[in-house]
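Asks: The following block contains the structure, expressed as structure tokens.
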Amino acid sequence: MNSEDIYNCIKTRRSIRKFDESRKVEWEKVCTILDAARYAPNAGNLQCWKFVVVRDKDARKNLATAAFRQYWMTDAPVFIVVCAVLKRLRDHYGERGVGLYAIQ
2 MNSEDIYNCI
12 KTRRSIRKFD
22 ESRKVEWEKV
32 CTILDAARYA
42 PNAGNLQCWK
52 FVVVRDKDAR
62 KNLATAAFRQ
72 YWMTDAPVFI
82 VVCAVLKRLR
92 DHYGERGVGL
102 YAIQ
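If you're matching positions, the sequence shown starts at 2 in the working numbering and goes up one per residue.
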């Protein structure tokens, strides 16, 4: 991949709000996404995260409610929830780490 490929990926990216519930996401694709996520930059390379894959419709609906009632997302066939492991951040950086490195 060269810089032009990266530029085109960024330029043509979309923020999807409508999903076709009948389209399923193959487990292999989910695993590829999770594997790529492991390489994301992170504070001190501590990798203070857990990934939770959610396919259950009721669980997705509950998560949409918790996400400020963003019900448009319930039609997505898969959620990948990223959870911060605060203890690991706190152990390494103290309270400052929780406030600075786990805010998204």
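The beta carbon of each residue, even a glycine, is placed where N, CA and C say it ideally should be.
Whose CA, out of R61, Y94, H93, V86, lies closest to the CA of E22?
Replies: The residue with the shortest Cα to Cα distance from E22 is R61.
Asks: Distance, Cα to Cα, D36 vs N3?
Replies: Roughly 21 Å separates the two Cα atoms.
Asks: Going by DSSP, what residues sit across from V53 in a beta bridge?
Replies: V53 pairs with V82.
Asks: Quick one: Cα of D16 to Cα of M74, how far?
Replies: Position check: residue 16 holds Ser in this sequence, whereas Asp was assumed. Near 11 Å, if we compare the C-alpha coordinates of M74 and S16.
Asks: Roughly how many whole angstroms lie between the Cα atoms of A41 and R24?
Replies: About 28 Å.
Asks: Compute the Euclidean distance between the alpha carbons of R89 and Y72, then round it to the nearest angstrom.
Replies: For R89 and Y72, the distance between alpha carbons rounds to 32 Å.
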